[in-house]
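To start, the structure itself, in structure tokens.
In my numbering, the protein residues as written are 4 to 491.
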């Protein structure tokens, strides 16, 4: 028996109520929660996700993803769970699973898939994490880190408490590091197996990994060219290339075991369902054009300093100076009756007053500006706040420098950004509402990726984007008569 197995056996004998049979392997797992507790934990986390991220507003697409996901889950090792599959309205490439069967995929990831089998591969991978109880095992491993100190002191009293804690740290680190590559590979194996059981092509797993690796290469180049942080996906499939020998083996094994004679691909079905999918920024989350941030639904705009990297997150917009020397953040709060910008800001900071208080007008809107010392991970730092009131909302632009001595250097940029806040002009509103969507067309002998990119007006890297969403990056030509995705 290997060392990990021996340690699991020892701990299970000591903590029998905390061990459970893994539904996938049939062996004992170190889990400190029941299935009902797992579901309850997942329900709580699910509400937090839905409270922070918007779901994609397309009921037909949501139902389609739910249909495909549940079809795969019904052939899994834990078909008894009530799986919920949700599409999030985010341009970022992501998919993840919560305990108990709550699974999410972004529209950003769906843009790079080209068949129902590939969608099933992504969802099947996440179902694999649920069936193997990876999240639960990680949660239990974290709790066992503290337990290891007591075990070390009990079985090795000569080491003393400090040595026992070192043993705990080593045990905890070993357990937690086990939830990287090996567990991703296990999820790949299970996902490929579930694909075959359901009648899909298990090799779709490899096609998805190849597509996401290509998207990552493109994103790194695009971010460098545009002077921003790369939105690189670190989760699903990110731990190995599509040419990985072990990955090829587990997919081939699933293919051999399930023996699907005529696997279902579903390219036409998927392209039809995703025709009209929002691509890139949406007017519900705002979009960036150079230094300017526009939000069509809120009707606002803001200009960030030149050369700063800007990230549009679900609940805020964050800009960082070169080298991370300073940060600006735009967020929004609702007012209570009788509150103004100053009252909302002071209440949010828990202060009675601020330094350098100034009541002002920003493009005709009531506003307030001031400074205060705030606690950060790096210690207490001075910060500039500008709050602008628009209706029942107060928009807060906060700026802080990494070095306390550097605050004066950046304060003018903090103030200028706050005072650039404005409502959209009709021209800006049209720009903010100009959302790109995926569209399909039947190719002719004149159809080229370069031509489609020019028509889509996607900029310098447009051809690479069109190639990526069609799975033809960096090379590959269009065949007359085939259905191709473009962006309109």
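Note that CB positions come from ideal geometry on N, CA and C, so glycine has one too. Note that this is a predicted model, so its numbers are computed, not measured.
Does the separation of the CB atoms of residue i and residue j fall below 7 Å?
i           : j           : result
residue 445 : residue 280 : no
residue 118 : residue 269 : yes
residue 124 : residue 263 : no
residue 487 : residue 481 : yes
residue 190 : residue 128 : yes
residue 440 : residue 282 : yes
residue 193 : residue 131 : yes
residue 442 : residue 489 : yes
residue 106 : residue 90  : no
residue 137 : residue 186 : yes
residue 195 : residue 254 : yes
residue 359 : residue 374 : yes
residue 98  : residue 112 : yes
residue 352 : residue 393 : no
Going along the chain, which residues of its own chain have a beta-carbon closer than 7 Å to the beta-carbon of residue i, five neighbours each way excluded?
i           : result
residue 364 : 370
residue 3   : The requested residue 3 does not occur in the structure, where the chain is confined to residues 4 to 491.
residue 427 : 297, 302, 303, 304, 435
residue 478 : none
residue 407 : 384, 385
residue 114 : 280, 282, 441, 472
Can you name the start and end residues of the beta strand (DSSP E) that residue i belongs to?
i           : result
residue 398 : 396-404
residue 386 : 382-393
residue 443 : 439-445
residue 72  : Residue 72 -> not in any beta strand (DSSP E); alpha helix (DSSP H) instead, spanning 62-76.
residue 100 : 98-101
residue 91  : 87-91
residue 414 : Residue 414 -> not in any beta strand (DSSP E); alpha helix (DSSP H) instead, spanning 410-422.
residue 298 : 295-298
residue 332 : 329-337
residue 109 : 105-109
residue 379 : 368-379
residue 290 : 290-292
To the nearest angstrom, report how far apart residue i and residue j are at their CA atoms.
i           : j           : result
residue 120 : residue 304 : 41 Å
residue 366 : residue 88  : 44 Å
residue 494 : residue 405 : Here the chain covers residues 4 to 491 and nothing more, so residue 494 does not appear.
residue 476 : residue 467 : 7 Å
residue 207 : residue 437 : 34 Å
residue 321 : residue 205 : 40 Å
residue 376 : residue 386 : 6 Å
residue 357 : residue 59  : 40 Å
residue 314 : residue 101 : 25 Å
residue 53  : residue 319 : 16 Å
residue 484 : residue 275 : 16 Å
residue 96  : residue 219 : 9 Å
residue 202 : residue 104 : 21 Å
residue 312 : residue 474 : 29 Å
residue 433 : residue 417 : 28 Å
residue 44  : residue 317 : 23 Å
residue 75  : residue 347 : 48 Å
residue 69  : residue 217 : 27 Å
residue 40  : residue 84  : 13 Å
residue 451 : residue 465 : 12 Å
residue 224 : residue 469 : 15 Å
residue 491 : residue 448 : 20 Å
residue 277 : residue 284 : 16 Å
residue 289 : residue 248 : 42 Å
residue 391 : residue 329 : 21 Å
residue 323 : residue 50  : 30 Å
residue 243 : residue 252 : With a pLDDT of only 47 at residue 243, under the threshold of 50, the placement of this residue in the model should not be trusted; the figure read from the coordinates follows. For residue 243 and residue 252, the distance between alpha carbons rounds to 13 Å.
residue 57  : residue 66  : 16 Å
residue 492 : residue 86  : Residue coverage of the chain in this structure runs from 4 to 491, which leaves residue 492 outside it and unanswerable.
residue 233 : residue 116 : 20 Å
Got a sec, what are the start and stop residues for the alpha helix (DSSP H) residue i sits in?
i           : result
residue 359 : Segment 358-365 is the beta strand (DSSP E) holding residue 359; no alpha helix (DSSP H) there.
residue 478 : Note, residue 478: premise wrong, no alpha helix (DSSP H); not H, not E.
residue 49  : 38-55
residue 435 : 429-435
residue 449 : It is not in any alpha helix (DSSP H) - residue 449 carries neither H nor E in the DSSP assignment.
residue 122 : 119-134
residue 469 : 465-472
Among residues of its own chain, excluding the 5 on either side of residue i, which ones have a beta-carbon nearer than 8 Å to its beta-carbon?
i           : result
residue 463 : 228
residue 395 : 337, 338
residue 327 : 405
residue 55  : 317, 318
residue 429 : none
Is residue i near the ligand MG, with its Cβ less than 6 Å from a heavy atom?
i           : result
residue 190 : Judged by which ligands are present, the structure shown has none, so any question about the ligand MG falls away.
Kindly list the residues whose CB is nearer than 6 Å to the CB of residue i, restricted to its own chain and excluding five residues on each side of it in sequence; keep chain order.
i           : result
residue 267 : 202, 203
residue 425 : 304, 366
Evaluate the contact criterion for the segment 329-347 versus the segment 382-402: three or more CB pairs, one atom per stretch, below 8 Å. The segment 329-347 is in contact with the segment 382-402.
For this session: Give a yes or no on contact between the segment 452-460 and the segment 290-300, applying the rule of three or more CB pairs nearer than 8 Å.
Result: When Cβ pairs closer than 8 Å are counted between the two stretches, the segment 452-460 is seen not to touch the segment 290-300, the count staying below three.
Specify whether the segment 404-422 and the segment 380-394 touch according to this definition: at least 3 beta carbon pairs, one from each stretch, less than 8 Å apart. With a cut-off of 8 Å, the segment 380-394 and the segment 404-422 count as touching, because enough Cβ pairs lie within range.
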